[in-house]
Amino acid sequence: MKLLSGQRAYVWQMLSGFYLALFFPYIAWLSLNQPIQSFNQLTALLSSPAVFIPGLVAIALGLIHAWVGLRDVLIDYAPRRYLMGLLFSMALVWLFVIANLAWLTTQLIGAHL
Amino acid sequence: MIPRTDKRPVNLSLWHFHFPLNALVSISHRISGVVLILTLFIWLFVLNQMLFVPDDFTKHQAWLSSIGGQIFLSLFWLALWFHWLAGVRHLLIEFCLNSRIKTALRTHQAALGSFIFWGLGALLILARIWL
Chain A
1 MKLLSGQRAY VWQMLSGFYL ALFFPYIAWL SLNQPIQSFN QLTALLSSPA
51 VFIPGLVAIA LGLIHAWVGL RDVLIDYAPR RYLMGLLFSM ALVWLFVIAN
101 LAWLTTQLIG AHL
Chain B
1 MIPRTDKRPV NLSLWHFHFP LNALVSISHR ISGVVLILTL FIWLFVLNQM
51 LFVPDDFTKH QAWLSSIGGQ IFLSLFWLAL WFHWLAGVRH LLIEFCLNSR
101 IKTALRTHQA ALGSFIFWGL GALLILARIW L
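Top to bottom, those sequences are chains A and B. First residue of the first sequence: 1, per my numbering; consecutive thereafter. First residue of the second sequence: 1, per my numbering; consecutive thereafter.
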């Protein structure tokens, strides 16, 4: 966890913030211009290189961004006696989310092939 | 949180504090971030359902068009729009090379402008979802 603490956490937060600040207008533009009517259209869009690669980077950086942000919120507002328990629970939830996203990615690639 | 040594109960009424607008932008940025994390779980649930049962795609689309789905979409896009806007302002304050722009972005007027700009965007988002 040293990778995401202290000044490194701040650097990751800013780097991911920069990327996501560019990525979300792109996604908003896509969602306005690409009406999705069927499951095949959705998988085709999500697995196209223009969405898949920047999307994977955005998911990875988004998870880091959210982890650092939520960690800061908990450190600032959670009662100290519950803090370690809450951070540990959050880490477990995050591991579950990462595993689920990895599974979804494999399913998405499988559905499109 | 700073540990307290005395045992007296503290009942702070937040309504009696008058926060500067910059503080309100900052706390709203955090609240919108927490809302986005909560909506992430609903998105994950919907995506899992879609990939588990592709034939039910129209059912999920129908849910997103229902009142519950539209409330969820409104919450997600409004939180994302605010979080993005406040985040970009924060990045510019931190990294903009022009000191005049940096100073201008820190002012009360810039914070007010952020809320007004968010409100205008929010109206467009709500019109897009509900009309």
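We put the CB at the ideal spot given by N, CA and C, even for glycine. Remember, predicted model here, so these are calculated numbers, not experimental data.
Look at M14/A: its C-beta is under 8 angstroms from a C-beta on chain B. Under the 8 angstroms criterion on CB atoms, V73/A is classed as interfacial with respect to chain B.
Per DSSP, K7/B lies in no alpha helix (DSSP H) segment and is marked neither H nor E. Interface with chain B (8 angstroms Cβ-Cβ cutoff): A66/A is included.
The C-beta of W67/A has 16 or more other C-beta atoms within 10 Å across all chains shown, which makes the residue buried. A residue is called buried once 16 or more other Cβ atoms fall within 10 Å of its Cβ, and Q13/A is buried on that count.
In the DSSP assignment, T58/B falls within the alpha helix (DSSP H) that extends over 57 to 65. Considering only beta carbons, the part of the segment 92 to 107 of chain A lying closer than 8 angstroms to chain B consists of V97, N100, L101, L104, Q107, in chain order.
Around the C-beta of M84/A, fewer than 16 other C-beta atoms lie within 10 Å, and the residue is accordingly described as exposed.
Look at the segment 25 to 91 of chain B and you find these whole runs of alpha helix (DSSP H), each 4 residues long or longer: 57 to 65. The alpha carbon of F88/A has as its nearest neighbour, out of L70/A, W103/A, T105/A, the alpha carbon of L70/A. Not one beta carbon of chain B lies nearer than 8 angstroms to the beta carbon of L56/A. Between the alpha carbons of I93/B and A21/A lies a distance of about 14 angstroms.
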